[in-house]
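Contents: one structure, followed by commentary.
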Amino acid sequence: MTLLLLSALMALAAAGFVIAPVVARREALLADLAPGAVLDAEARRRVTLTALRELEYDYLGGKLDEPDYRAQKQRLSLEALAAMRAAEALRGGPAAPGARAVTDRHACGFLNPPRSRFCAGCGVRLG
């Protein structure tokens with residue numbers, strides 16, 4: 002009987018240990034902190050800059066000839082510039098020094114919600 006009671010008590014303690022982090026989290030992020038338009042503009046900016054980087058790699062690797070490279074670089078540069086301006090306009094212009102943004106930008110370029118412990122883009126521990 003004592004063994005059964007001790008086993009039940011240990012099972013209850015183990016279940017409490019597993020469930021405690023879920024119950025203790027009181028400040029759950031239930032809504033998007035950044036509007037969808039801002040996230041879309043940031044995604045478009047990242048995609049165009051990545052495309053420019055890939056274009057450079059393809060040219061250096063010999064996959065593109067000079068005229069194709071220059072034409073695509075010109076087109077992608079204009080598109081990247083437009084995406085960067087759109088993202089900056091939606092964010093309200095360049096951030097003032099010392100001003101805290103609604104979201105935190107990690108070194109990898111991903112926008113993370115405030116109080117995040119890990120970057121959702123690359124998985125690196127923040128702060």
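If you count the sequence shown from 1, you need to add 1 to reach our numbering. All C-beta atoms in this analysis are idealised placements derived from N, C-alpha and C, irrespective of residue type, glycine included. Just so we're clear, the structure is a prediction, and the values are computed from it rather than from any experiment.
- Per DSSP, the continuous alpha helix (DSSP H) segment holding leucine 53 begins and ends at 37 to 61.
- Pairing threonine 49 with alanine 84 gives a Cβ-Cβ distance under 7 Å.
- Annotation for serine 78: the continuous alpha helix (DSSP H) segment containing it runs 67 to 92.
- DSSP places leucine 127 outside both helix and strand once states are collapsed to three, so it counts as coil.
- The beta carbon of leucine 61 sits closer than 7 Å to no other beta carbon from its chain once the five residues preceding and following it are set aside.
- For leucine 112, the beta-bridge partners assigned by DSSP are Arg106.
- In this structure the segment 58 to 78 does not touch the segment 115 to 123; the number of beta carbon pairs closer than 8 Å is below three.
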